[in-house]
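Peer 1: Just dropping this structure here.
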Amino acid sequence: SAIHIPVTPSNVCKARRLYISFKDVGWQDWVIAPQGFMANYCHGECPFPLSESLNGTNHAILQTLVHSLDPENTPQPCCVPIRLSSISMLYYDNNDNVVLQHYQDMVVDECGC
Amino acid sequence: TNRQEQLLLRSLGLSERPRPAGSLQPRRHVPSALWRMFRRAEKLQALESQPCMVSEYGVRGNIVRYIQDQGRMVSGWSSSCQACLEKHLFFNMSILQPVEMLSLAHLEIKLHWKPLSPVQLLQGSQAISASLYKVIRSTLNGTNPKVNRRLLLSQSVQLQPESTSITMDLTAVAESWRKPGSNYGLILELLPLGPHPEEFFLFYPGNSLPLEQDFTFPLVQASLVAVSLNPNRCRSRQRR
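Quick note, the sequences are listed as chains F and B, same order.
Quick note on the numbering used here: the first sequence kicks off at 32 and runs consecutively.
Quick note on the numbering used here: the second sequence kicks off at 39 and runs consecutively.
Structure below.
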């Protein structure tokens, strides 16, 4: 389930809330904890001019400039995760052993262009 | 969806969706130490101070497993040792992926004991000798099983009423078990000490005490805590 948060003044690139429930994906029979986690995702446009709040790379600024000159052949920069964090999961394996595993890059904390 | 699920499971280091015993058997108890580590990891995730360290054990790793013992009681009173109990311990190390680097394997054996007589109850504790052997190769029928064992540990233990623990670092041994066809497990030998060990009717075959109806938990309970590192899922911290 995705919850869209209205952004003003326009739909600019930003992290959006996305809660992943292990029950919803049918993993509750082997995942012990957590029950779910705030995964989030990136969505929105990277319009010209890129403001500082959009966390644009130098490449994105150049691409935005070229896009403004040649919109047919050069797309706008993409809205992508620029900072991710990890989660830990407790689960049962096939032998009923209890496993604690640490997974990096599972939560989108920040997005940028 | 199945294909996407497969891709995600693979990225999580799982070849397929785990199928635990589920509703057919009672779920295995989650060790309190693992819960503590999980809660601590949840708090520290935002900081990411040392993402591939298991600080509880002071080793590098991103996977902690409590591997169950799959061995069986060899016999109540074995032929090789008239007054002792032998228990085969087997930990399936093939569940570790080849890419994983084993950082630590810590054996914990819990001996549950309940005094059976008023004398034992008054004494409060009972001394036993515990020996742990690595089985080097399988034993053929009729041959002396002790030839194929290497002693790892020998110590006397004071059994306390309810529960006593024996722990040992088994990292090197567990690493050797990862080689296919080399894991023959361990033998735990328990010998009651004292002037009349035969009166100390402590252990029975089958892991339970038949005389005590309320005494349902196993007498010898062993688990291997294995910490490993999957380097593919442990990127180095970015320079700023």
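Even glycine gets a Cβ: it sits at the ideal position worked out from N, Cα and C.
I'd like to know whether the C-beta of residue 126(F) is nearer than 8 Å to at least one C-beta of chain B.
Peer 2: Yes, residue 126(F) counts as interfacial toward chain B.
Peer 1: Quick one: what's got a C-beta closer than 7 Å to residue 207(B)'s C-beta in the same chain, skipping five residues either side?
Peer 2: Excluding residues within five positions, the ones whose Cβ falls inside 7 Å are 144.
Peer 1: Using a Cβ-Cβ distance cut-off of 8 Å, determine whether residue 255(B) contacts chain F.
Peer 2: Legend: pLDDT at residue 255(B) = 33, less than 50; position of this residue unreliable, value from coordinates given subsequently. Taking Cβ atoms only, chain F never reaches closer than 8 Å to residue 255(B), which makes this a no.
Peer 1: Quick check: the region 257–265 of chain B against the region 130–146 of chain B, are there 3 or more CB pairs under 8 Å?
Peer 2: As far as the Cβ criterion goes, the region 257–265 of chain B touches the region 130–146 of chain B, which means the pair count is three or higher.
Peer 1: State yes or no: is the beta carbon of residue 133(F) nearer than 8 Å to at least one beta carbon in chain B?
Peer 2: At least one chain B Cβ lies under 8 Å of residue 133(F).
Peer 1: Could you give the C-beta distance for residue 138(F) and residue 121(F), rounded to a whole number, given that I count them as a contact under 8 Å?
Peer 2: That pair is no contact at about 17 Å.
Peer 1: Within 8 Å of any Cβ in chain F, is that where the Cβ of residue 94(B) sits?
Peer 2: Closer than 8 Å: no.
Peer 1: DSSP three-state call for residue 64(F): helix, strand or coil?
Peer 2: Residue 64(F) falls in the strand class under three-state DSSP.
Peer 1: Counting only C-beta atoms, is residue 89(B) closer than 8 Å to chain F at any point?
Peer 2: Interface residue, yes.
Peer 1: Let's test the definition: count the other Cβ atoms within 10 Å of the Cβ of residue 50(F) and tell me whether it reaches 16, buried, or not, exposed.
Peer 2: Exposed is the call here.
Peer 1: Ordered along the chain, which non-local residues of its own chain (more than five positions away) have a Cβ less than 7 Å from that of residue 92(B)?
Peer 2: Counting only Cβ-Cβ distances below 7 Å, and skipping sequence neighbours, we find 99, 102, 265.
Peer 1: Helix, strand or coil, according to DSSP, for residue 118(F) in the structure here?
Peer 2: Here residue 118(F) sits in strand by DSSP.
Peer 1: Applying the 10 Å Cβ sphere with the 16-neighbour rule, what's the burial state of residue 151(B)?
Peer 2: Classification for residue 151(B): buried.
Peer 1: Quick check: is the beta carbon of residue 63(F) nearer than 8 Å to any beta carbon in chain B?
Peer 2: With 8 Å as the cut-off, residue 63(F) counts as an interface residue toward chain B.
Peer 1: Inspect the CB distances between the region 102–119 of chain F and the region 63–74 of chain F and report whether three or more fall short of 8 Å.
Peer 2: The region 102–119 of chain F vs the region 63–74 of chain F: in contact.
Peer 1: Name the two residues that bound the continuous beta strand (DSSP E) containing residue 52(F).
Peer 2: Where residue 52(F) is concerned, the enclosing beta strand (DSSP E) stretches over 45–52.
Peer 1: Using a Cβ-Cβ cut-off of 8 Å, state whether residue 259(B) counts as contacting chain F.
Peer 2: For residue 259(B), the answer is no, since every Cβ of chain F falls outside 8 Å of its Cβ.
Peer 1: Taking 8 Å as the CB-CB cut-off, is residue 55(B) touching chain F?
Peer 2: With 8 Å as the cut-off, residue 55(B) counts as an interface residue toward chain F.
Peer 1: Could you tell me which of 143(F), 142(F), 45(F), 129(F) sits nearest to residue 69(B), measuring between CA atoms?
Peer 2: If we check each option's Cα against that of residue 69(B), 129(F) comes out closest.
Peer 1: Taking all protein chains shown into account, decide if residue 106(B) is buried (16 or more other Cβ within 10 angstroms of its Cβ) or exposed.
Peer 2: The residue is buried, with at least 16 neighbouring Cβ atoms inside 10 Å.
Peer 1: For residue 143(F) and residue 93(F), which I take to be in contact (beta-carbon distance under 8 Å), what is that distance rounded to the nearest angstrom?
Peer 2: About 15 Å separates the two Cβ atoms, so there is no contact after all.
Peer 1: For chain F, is any of its Cβ atoms less than 8 Å away from the one on residue 75(B)?
Peer 2: Taking Cβ atoms only, chain F reaches closer than 8 Å to residue 75(B), which makes this a yes.
Peer 1: Residue 129(F) versus chain B: which residues are under 8 Å apart at the beta carbon?
Peer 2: In chain order: 66, 68, 69, 72, 103, 104.
Peer 1: Give me the chain F residues within the contact set of residue 48(B), using Cβ-Cβ distance strictly less than 8 Å, ordered along the chain.
Peer 2: What residue 48(B) touches in chain F: nothing, since even the nearest Cβ is about 13 Å away.
Peer 1: Span of the beta strand (DSSP E) holding residue 170(B)?
Peer 2: Looking at the DSSP string, the run of the beta strand (DSSP E) that includes residue 170(B) is 164–173.
Peer 1: State the Cα-Cα distance for the pair residue 222(B) and residue 58(B), rounded to the nearest angstrom.
Peer 2: For residue 222(B) and residue 58(B), the distance between alpha carbons rounds to 24 Å.
Peer 1: Check for me: the alpha helix (DSSP H) holding residue 42(B) runs from which residue to which?
Peer 2: First-last of the alpha helix (DSSP H) with residue 42(B): 40–49.
Peer 1: Is it buried or exposed for residue 89(B), if we count other Cβ within 10 angstroms and need 16 for buried?
Peer 2: Buried, because 16 or more other Cβ atoms sit within 10 Å of the Cβ of residue 89(B).
Peer 1: Taking residue 67(B) as the reference, give the member of 108(F), 104(F), 123(F), 102(F) with the closest Cα.
Peer 2: Of the candidates 108(F), 104(F), 123(F), 102(F), the one whose C-alpha sits nearest the C-alpha of residue 67(B) is 123(F).
Peer 1: What separation, rounded to the nearest whole angstrom, lies between the Cα atoms of residue 96(F) and residue 43(F)?
Peer 2: Straight-line Cα distance between these residues: approximately 17 Å.
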